[in-house]
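The structure appears below as structure tokens.
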Amino acid sequence: MRMNQVTFPVYEMKAATEFYKNMGFELIVDTPHYARFHCLDGNASFSLSLQEKSEKNTSTIYFEHEQLDELVQQLIERGFVFDQMPTEQTYLWREAVLHDPSCNKIKLYWAGENRLNPPWRVNKINEIEATNLTKIQSIRSKS
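Now the structure itself:
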């Protein structure tokens, strides 16, 4: 299975659509209540769905970009305001944070190899434990 489509609630479709277009995403569907964007780097898409303002947006969307600092600077030059500039995180990702006009949290990040293969990845931990167990058993059998 492959994840491709995520939908975010927005309160003002026009403002939200302009926001994501200005970030550099390609608008592929545009209606008064729904918009869809193509992420130009890859084949993923995401959409915006008009919602009542009474609903609180608590989701976070992550957009990955290898040249994170340069991208953030370009967006600042286009008028985007960041809550957090690119910062190294304890989980080995570098992240910048901003919000869209409907208060959806957006994290622009770069994690490199650590995105899918952090040092604490379950399979890696199991491999390390198995290797250590084999070494211990080998030492014990020699004694």
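Numbering (UniProt numbering) for the sequence shown: 1 to 143. Where a beta carbon is used, it is the ideal one built from N, C-alpha and C, also for glycine. Treat the numbers as computed from the prediction; the structure is a model and nothing was measured.
query	result
Have a look at Glu-88 and Asn-117 and give me their C-alpha separation to the nearest angstrom.	17 Å
When the Cα of Asp-100 is compared with those of Gln-5, Gly-112, Met-13, which residue comes out closest?	Met-13
Can you pull the DSSP bridge partners for residue 145?	The chain is shown from 1 up to 143; residue 145 falls before or after that span and cannot be answered.
Under 6 Å Cβ to Cβ from Val-6, same chain only, skipping five residues before and after it: list those, please.	Phe-46
Assign Ile-61 to buried or exposed, taking buried as 16 or more other Cβ atoms, counted over all protein chains shown, within 10 Å of its Cβ.	exposed
Ser-102 and Tyr-11 - do their beta-carbons sit closer together than 8 Å?	yes
Answer with buried or exposed for Leu-40, where buried requires no fewer than 16 other C-beta atoms within 10 angstroms of its C-beta.	exposed
Looking only at its own chain, which residues have a Cβ that is under 6 Å from the Cβ of Val-97, when we skip the five neighbours before and after it?	Asp-83, Gln-84, Lys-107
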